[in-house]
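Novice:
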Amino acid sequence: MSNDQLSIIPSEGASPLSLIERLIDQGKLTPESVGVVERLLAIREHEMDRAAEQKFAEAFAALQADLGTFNATKAVPDKHGGTRYTYLPYDEIMVRVSPLLQKHGFSLSFSTDFAEARIIQTCTLQHIAGHHRDYKAFVRAGAGPYGATETQADGAAMTYAKRYALCNALNIVVEHDTDARNEGAPITPEQAQVLRETVKDVGADEKKFLEFANAVDYESIGANRYGELFSALQKKRRP
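Be aware that the sequence shown starts at 157, since it is given in our numbering, and climbs by one per residue.
1. Are the region 251-271 and the region 228-239 in contact at 8 Å, needing three or more beta carbon pairs?
2. Which residue from Glu201, Met250, Asp222 and Glu331 puts its Cα closest to that of Gly383?
3. Given a cut-off of 9 Å on the beta-carbon distance, is the pair Lys392 and Gly359 in contact?
4. State the DSSP-derived secondary structure class of Thr315, mapped to helix, strand or coil.
5. Give me, in chain order, the residues of the same chain whose beta-carbon lies closer than 7 Å to that of Pro342; leave out the 5 immediate sequence neighbours on both sides.
6. Nearest to Arg296 by alpha carbon, out of Ala285, Ala348 and Leu366?
7. Tell me whether Glu346 is buried or exposed, calling it buried when 16 or more other Cβ atoms sit within 10 Å of its Cβ.
8. Where does Glu339 sit, in a helix, a strand or coil, going by DSSP?
9. Inspect the beta-carbon positions of Ala321 and Ala293 and report whether they are closer than 9 Å.
10. Indicate the three-state DSSP secondary structure (helix, strand or coil) for Val329 in the structure shown.
Have a look at this one:
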């Protein structure tokens, strides 16, 4: 690199416009000098992105250490008066994780899309250093509680997808309380869809996954296996 090229190395915080103005002032504005500025700025931007990603990873590891375990608190009854399954509502998860997210410099945002009769919730986990990651959850539209209107069913499905997108983002596995009467009951259609889409998302082998779940398809997976299987899939995600 020549002395002229060294003289236009960008200082911390320098903008492309300020560098070009410097070249004009020095009478050194040439196609070659502009190309040098562009390459140097690209290198610095790449270094800044790498630094932001590293800070994200460090903060996320600290966040994981603080999260601890989560247990289901709300029971869903079956038609026989028993408990079909239990889960932890989205609002309760947020109450617990919000102060920890703030502590470690994270913020959350959600966006909703619809494709092929499915609701797609995307949870974006953003760190103050500038790096972010997107996590998706898929639920069939209209898959709501028995007796619900279409609007209510869609709302329930959106909340369900939002909760699982949040759990995907933070690697939260909710321990489901399943008593002996329900050990043979299958998972819900929504849970089956979450597992199906997560298998695709993490690049897992579907045949081997179903063999591990001891099921012929997702809908026949036992409710008592859901937490274990969901946790196993999360471990396949890139940290």
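Backbone N, C-alpha and C fix where the C-beta goes; we use that ideal spot for every residue, glycine too.
Specialist: Quick answer:
1. no
2. Glu331
3. Yes, they are a contact pair.
4. helix
5. Glu375, Ser376, Ile377, Gly378 and Ala379
6. Ala348
7. buried
8. In this prediction, Glu339 scores a pLDDT of 41, lower than 50, which makes its location untrustworthy; the coordinate-derived value is nonetheless stated afterwards. In this structure, Glu339 counts as coil in the three-state DSSP scheme.
9. yes
10. coil
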